[in-house]
Every structure is written in structure tokens, then in C-alpha cells.
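Protein chains: 2
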Amino acid sequence: MADALVLDPWGTSSIKDYTKLMQQFGIEPLSEELVKELPYAHRLIRRKIIFGHRDLGIIVKALQEGSEYAVMTGIKPSGDFHLGTKLTSEEFIYFLSLSPKARGFFAVADLEAYADNRIPLEESYQIALNNLMDMLALGLDPKRVYVYRQSEEMSVLRLAFIFSRSVTYNTLEAIYGQKPFSLYFSALVQAGDILNPQLPHNDGPKPTVVPVGADQDPHIRLTRDLASKHRDDLGFIPPAATYHKLLRDLTGQEKMSKRNPMGILYLNEGLKSAKLKVMNAYTGGRATAEEQRKMGGEPEKCVIFVELLSAHFLEDDKKLEELYWDCKTGRILCGECKARAWELISGWLRDHQARRSKMRDAAERLLTEKTF
Amino acid sequence: MADALVLDPWGTSSIKDYTKLMQQFGIEPLSEELVKELPYAHRLIRRKIIFGHRDLGIIVKALQEGSEYAVMTGIKPSGDFHLGTKLTSEEFIYFLSLSPKARGFFAVADLEAYADNRIPLEESYQIALNNLMDMLALGLDPKRVYVYRQSEEMSVLRLAFIFSRSVTYNTLEAIYGQKPFSLYFSALVQAGDILNPQLPHNDGPKPTVVPVGADQDPHIRLTRDLASKHRDDLGFIPPAATYHKLLRDLTGQEKMSKRNPMGILYLNEGLKSAKLKVMNAYTGGRATAEEQRKMGGEPEKCVIFVELLSAHFLEDDKKLEELYWDCKTGRILCGECKARAWELISGWLRDHQARRSKMRDAAERLLTEKTF
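Residue numbers (the working numbering), protein chains in the order written: chain A, 1 to 372; chain B, 1001 to 1372.
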């Protein structure tokens, strides 16, 4: 692929937005020089879906020195894993895979799920169990990750408490805009989650990387600010972060929402319903087949191409580029392309679901045992 | 004593303030009818230092029915116990003494001490240990109280988290005025402390009474509001509270402060320094002995009379009334009165400190073991 433009779900103007976002908030572009320092580049990096970072140099340095670092992520239990949560999961697993000295921290935000959605803690447990089955099927090494539930992790709430003394409304408002008290409270708990790996009982302080969607940057900025403020008393190193672009849903909507079920492909979805969704996905096709043969399709606008194949299901860069030009020049029409895509997707879903079904015990252990 | 006026450290205008306080915020006066329903009236009730309450009827009802109720208090570890902390401790012990079905909950706010004063958790532990030795010497039955450290009490921080969803800035500002984020955060944690006795693992929900100083009413109002909001999902009963007047320090200042050490009498204070403080206490004496013999003293303005003897060290109502009139009519001058007071106070301190010195092991057990 000569250029990442085709992979941008927001079109040209959105590229401008990401640039603006980076400039405004000081997110660094993920330069080729930096990528070369990594043992290998993940598909999401090669395709510039992960477009930026903060301080990733501290992780590169840890890799070069063979020293410990932490990778941090979490979920607010709400439902089954889908393509969006697959993205962050793969990034988490990727950063863990780069070094035997990397340790994963995975927060299950069950308190937040209760507070916001009145999901009982036991129900959160079941949801998280299901999600962890997906993560294990995606390749997560259970020996490398510490999974905890917010409701059981005293140290995170302790940190939130301490951090409440180190912020002002001005800081919070500058970062998040005017938001309800509860959101600010949650933000401090999330800062606690992100810095939890750096506490002494977790062998901290140590460099930490948090792979997130671009919309999560406010949490990263707040946490880095708090880490700096508590450098002296708690020894924190401001966490690094990588940022991925926000992908559209299957119907081309810019934000996934459960209110639009046709837009979301779940990792444990039945093949029949998955096929229906893929076949009805938003494409970059023209009004008529005739027109498309003449003018070519618009793969950069196409959910099948951008969100499904490029972001998720076609690992081979060369094949992806071929497909791009086949579409662009009108050599392949949407029907055939969808059929090919479905072949890949259904194969992936079948394999994933077969792996996943064997992961219940391992997921249960992760949720109930302290791994390290 | 015909009238409680003499016991009011604020003078007549301050009585007006307490009345206004009660009217404005809906604190009920502690009526004689209600007091009669209690098994016995504590010195602080008889002398109307405890002047008001909210919902104390729920405790009276529990007493009459012989059913369970909780008594809740806590400290932010900061230093040794003094006359101010003795007041709340005695109230706590009093409400526990009224029924074998009463259970005490005592919160050690070590997280708050760390967050506000950077007191390490281990130091808080030592301070709390010392404080508990005083409480045991004051008569606290260790079998009747559950002592916990905020830093170890997951359920309190869970509650604070949940409550953060149930408040708005408007509510918080209406109750506390415009305050920094950290204070609002603390307020939610304190609400968590107060409702902790009502959680299922503490055999809740059940009626709870919190004896506090009048300045603590905002916490009670917030907590009652949150309890009402979570009546359906968590079953909370809005907690009852009793209110005591704020007493002056030994030098007659209206608020005790460590910046004025001559004003504070510590329960474990050496007799020499205690005597110095008592002998230099602010009195209601006249300019000259001559004048005082003629006009009489002003016991209602006198720290020896109001704060030391009436509030703390002279249990016998009759003797207190005699002293009042002896002073009022000029039959006794300040020198003699101070000498008598010192006799009582030094005797009390000696006894208390002897009892206290044997309480280290019991205090340690309270801080480290779950009592029930």
C-alpha cells in the first residue's frame, strides 16, 4: 500500500482532523523511524490505523534494554466483544508479545458498569468472563496478564482518592470540558487503573503503554499530569499511549451504537446473522454495475474494504493492495468482493469461535486467581 | 440546673444561631419527651450540649423493639485525643451502651489523612492505635465495635463510587457551598462510611445513629439524601444523627486549633503541662477579687465552668449547680474554683491514663482483626 489514505474512515477532511488533534494535544505521529525500532509492526500499525503515540520511546527503550514494562487496558462490562473491542484487544496482545518482560494489566470496570448501567457485579463477572474468552482466543497469553475487577482492587480506588487532591475543576474542565461530577470521578478511577501497574506491589514504577482509541486521549492526558504530580511521592512514570483511529460501523455510521445492531459484528455472532450484516454493509460501490465498471469503485469509502478487510480480516498487505486496485479500476464489483470478504470473515469467525469455546476455564482462572 | 443557658459556649446570640441552624436545616430540638424514651440521659444530653437530632426516633423504636441498630463514628488520624474528640467518643460509647443489640462502626480515615496531610498509612495506623487506647479507656467495649481503616475497606470506596452517580454539582454546592473537587470527593467517601453499616455483609440495612458536632451536619444531609436515592437498589434507611454544640478551647477561642497549643488539653497529657493549661484557662472572673465578691462571677462565660466542669469533669448535676451559684453570687473566686477543678481533672487524667496504658493490645486487636 503506497499510502494510508485509503484506510482512513473519515476521508480527507478527517485526516486533517487527526493532524489537528495531534497538533492541538501534542500526540506524536507514529513515525517510520520509531516503528522500525519495534521488533515487528502490527497490521494496525502498517495500515496506520494506529496513527499516533505519546512517549512510546520509553517502551522502545525498555525493549532495547530488555527491561520490564507494563501494558494496560480495560473494559467496562457491557456486552459481547465486537470489532471495536477486537481492535484494542489485538493492540494489547501485540505489545505483550514484543518482550517476555512485558506484563499485561486488564481492568474490569464493574463498579463503573454498576454505577452507570446498574449492572450487578455478578452480571459484570459473566460479561467479563465472555470477553476474556475472546481475548484468549485472540492470542492473549494468560500467564502474562493480571486481570482484576475494580470492585476488588483496593489500590485503584485508593489512587483515585489520592488523585482527587491533586486536581482542580480548572484542570478537569480544561481536559474534559464541563462534565457531570460522576464523569470526573470516573476519570480519576481510570487514572488509578492506568497507574496501578506502577505501584510497588505490582513491581512498579515501570514504563507503561496504554493502547487506546483517539477519543480516549483525555484520560491519557489527565493520567500523565497526575503521574507527574506524584513523581516524588509515588515515583510514577507518565504512561505512554498509542492511538488508533475510530472506525465506522458496518452501516457506515461513524460511531458504533447498540441502537443500530446491523452495524455491529460480534466475535461470537452466529454465521447466519453475521453474513446478513456483511452482505448489507456500506460499500464504495457506484449506482449501477455499468457505472462501476467504467469509473471504478471507491474503496477508501467502503466499509468492506476499510473496516472489515484492511482493519481486521485481510492480513496480507499485497493482497489488500491488489484488491484496492481491482476495485479502483472497476475490475471487481461489490457482489464478488463481498463474497470474497465473507469467505475470509466466516473462516475467521469459525476458527475464532472454535478456539473461544475452549477458553472458559482459562478465562475463569484469570478472573479469580492472581496471576502474578 | 434550671436552664441550659449557662452551658452554651456561644452566649445568648449563639443560642439564637443554633435555633436558626435548626430551623434552617430541619434539625429537631432534642425534646424532653424524646429524652425520656431513652434508657438514661447522658451528661451531655442533660446539659444540652447535645442539643438536637435528626430522626432519633428510629433508634428509640429499635430500643423499644429490642432490634438491631448501628452507631457510627470515625476519625481522620491527625494526633492525640483531646477534649473535643473525647466528646464524640463518649457519645459513641453512650449509644452503644443503650442496648446489647447496638453495634459500633468506627472508621479510621487514613486515606484522607494521606491525601490531605501526606500522613503515611503506617503512621495513621499508629495514631489510630493511640486514639483507640483512649476510647477503650473511656469505656468502649471492644466486642461491640468494628474498627476499619478506609484504606482497607473496599465497600466504602465502592459506595463512594456509586454515589458519585447520584449527586450533581447543584446538590453538592447547595449543601457545602462552592468547595474544591477534593472536598466533594471526601464527602462521598464519608457518606460511604456512614452507610457502610447498612450493607448486607454488615447485617444491614438497619437504623444507624451518627453523633456529630453541629458543623458536621452537611455530611448528614448529603448522606440522608443519598440513602433516600438508594432506598430501592440498596435498601438504605436514612441515618439518624445527634448534634452537639461546638465548645471553645481552654483559652476561650471558639475553634480548637493546634496552632494554639495552650488551648488544647490532651487525654494523655502530662499532669504538669495539663495543670499549666488549666490554671491559665479563660474564666468568667471580674477585674479584681473585690469586684468579684461584690458582683459575682460569670460562670456562663467561663471555660473552667462550661467547657471543663460542665461538659467533661463534674458528673454530679447538683454539685455543678451549687458551683454555678457559688460563682454567680461571689461566694467562690477563680483561684479556689480552679484548684477544685484541677483536683477533679488531675484525678480523671490519672485514672484515664492508668486505664489507657493497659489498652495497647486490645487496641491493636481492634485495628487488625475483624470483630464481627
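Ideal Cβ placement from N, Cα and C applies to all residues, glycine included.
Quick one: Cα of residue i to Cα of residue j, how far?
i: Ser1078(B); j: Val60(A); result: 45 angstroms
i: Pro1142(B); j: His53(A); result: 55 angstroms
i: Ser226(A); j: Met359(A); result: The question names Ser, but residue 226(A) is Leu in the sequence shown. Cα-Cα distance, rounded: 37 angstroms.
i: Gly192(A); j: Val156(A); result: 5 angstroms
i: Ile1127(B); j: Tyr1148(B); result: 14 angstroms
i: Ser1228(B); j: Thr1085(B); result: 30 angstroms
i: Leu414(A); j: Pro200(A); result: With chain A running from 1 to 372 in the structure shown, residue 414(A) is simply not present.
i: Thr1368(B); j: Ser1357(B); result: 19 angstroms
i: Gly1139(B); j: Asn1196(B); result: 24 angstroms
i: Asp1249(B); j: Ile1345(B); result: 15 angstroms
i: Ile332(A); j: Ala281(A); result: 17 angstroms
i: Gly1263(B); j: Met1256(B); result: 7 angstroms
i: Glu1068(B); j: Gly1347(B); result: 37 angstroms
i: Leu136(A); j: Leu271(A); result: 21 angstroms
i: Ala1311(B); j: Ile1049(B); result: 7 angstroms
i: Glu123(A); j: Phe185(A); result: 23 angstroms
i: Pro39(A); j: Val145(A); result: 20 angstroms
i: Gln1064(B); j: Pro1238(B); result: 19 angstroms
i: Ala62(A); j: Ala107(A); result: 23 angstroms
i: His1352(B); j: Val1278(B); result: 17 angstroms
i: Ala1363(B); j: Glu37(A); result: 57 angstroms
i: Ser164(A); j: Ala187(A); result: 10 angstroms
Are the C-beta of residue i and some C-beta of chain A separated by less than 7 angstroms?
i: Phe1236(B); result: no
i: Asp1003(B); result: Summary for Asp1003(B): the model assigns pLDDT 33, below 50, so the residue's position carries little reliability, and this model does not support an answer.
i: Arg1165(B); result: yes
i: Leu1367(B); result: no
i: Arg1158(B); result: yes
i: Phe1181(B); result: yes
i: Tyr1146(B); result: no
i: Phe1095(B); result: no
i: Leu1111(B); result: yes
i: Arg1115(B); result: The sequence shown places Ala at residue 1115(B), not Arg. Yes, because at least one Cβ of chain A sits closer than 7 angstroms to the Cβ of Ala1115(B).
i: Tyr1169(B); result: yes
i: Met1262(B); result: no
i: Met1154(B); result: yes
For residue i, does the three-state DSSP call read helix, strand or coil?
i: Ala1062(B); result: helix
i: Ile194(A); result: helix
i: Met72(A); result: strand
i: Glu290(A); result: helix
i: Pro1077(B); result: coil
i: Glu1153(B); result: coil
i: Glu1298(B); result: coil
i: Glu1028(B); result: strand
i: Ile1015(B); result: For Ile1015(B), the pLDDT reaches just 39, beneath the cut-off of 50, and the residue's location in the model is therefore unreliable, although a value from the coordinates is still provided. Three-state result, Ile1015(B): helix.
i: Pro39(A); result: coil
i: Tyr1282(B); result: coil
i: Leu1021(B); result: helix
i: Ser310(A); result: helix
i: Glu269(A); result: coil
i: Asp1116(B); result: helix
i: Arg1047(B); result: coil
i: Leu1333(B); result: coil
Could you spell out the range, first to last residue, of the alpha helix (DSSP H) harbouring residue i?
i: Tyr94(A); result: 83-97
i: Tyr1148(B); result: Counting along the chain, Tyr1148(B) falls outside any alpha helix (DSSP H), though it belongs to the beta strand (DSSP E) covering 1145-1149.
i: Ile1264(B); result: Segment: none, Ile1264(B) is in no alpha helix (DSSP H) and carries neither H nor E.
i: Met1359(B); result: No alpha helix (DSSP H) holds Met1359(B); DSSP gives it neither H nor E.
i: Ile1127(B); result: 1121-1137
i: Val167(A); result: Careful: Val167(A) lies outside any alpha helix (DSSP H) and carries neither H nor E.
i: Asp326(A); result: 317-328
Can you tell me where the beta strand (DSSP E) holding residue i begins and where it ends?
i: Phe305(A); result: It is not in any beta strand (DSSP E) - Phe305(A) carries neither H nor E in the DSSP assignment.
i: Phe1106(B); result: 1102-1108
i: His1053(B); result: 1050-1054
At the 7 angstroms Cβ level, is residue i part of the contact set with chain B, yes or no?
i: Ile345(A); result: no
i: Ile162(A); result: yes
i: Met133(A); result: no
i: Phe92(A); result: no
i: Ser151(A); result: yes
i: Phe185(A); result: yes
Any heavy atom of the ligand FMN closer than 6 angstroms to the CB of residue i?
i: Gln1150(B); result: In the structure shown, the ligand FMN is absent, as is every other ligand, since no ligand is present at all.
Problem - Inside the stretch 178-259 of chain A only - beta strand (DSSP E) runs reaching at least 3 residues - result: 208-213, 240-244
Problem - Contacting positions in the stretch 222-247 of chain A - beta carbon closer than 8 angstroms to chain E - result: Any reference to chain E falls outside this structure, whose protein chains are A and B.
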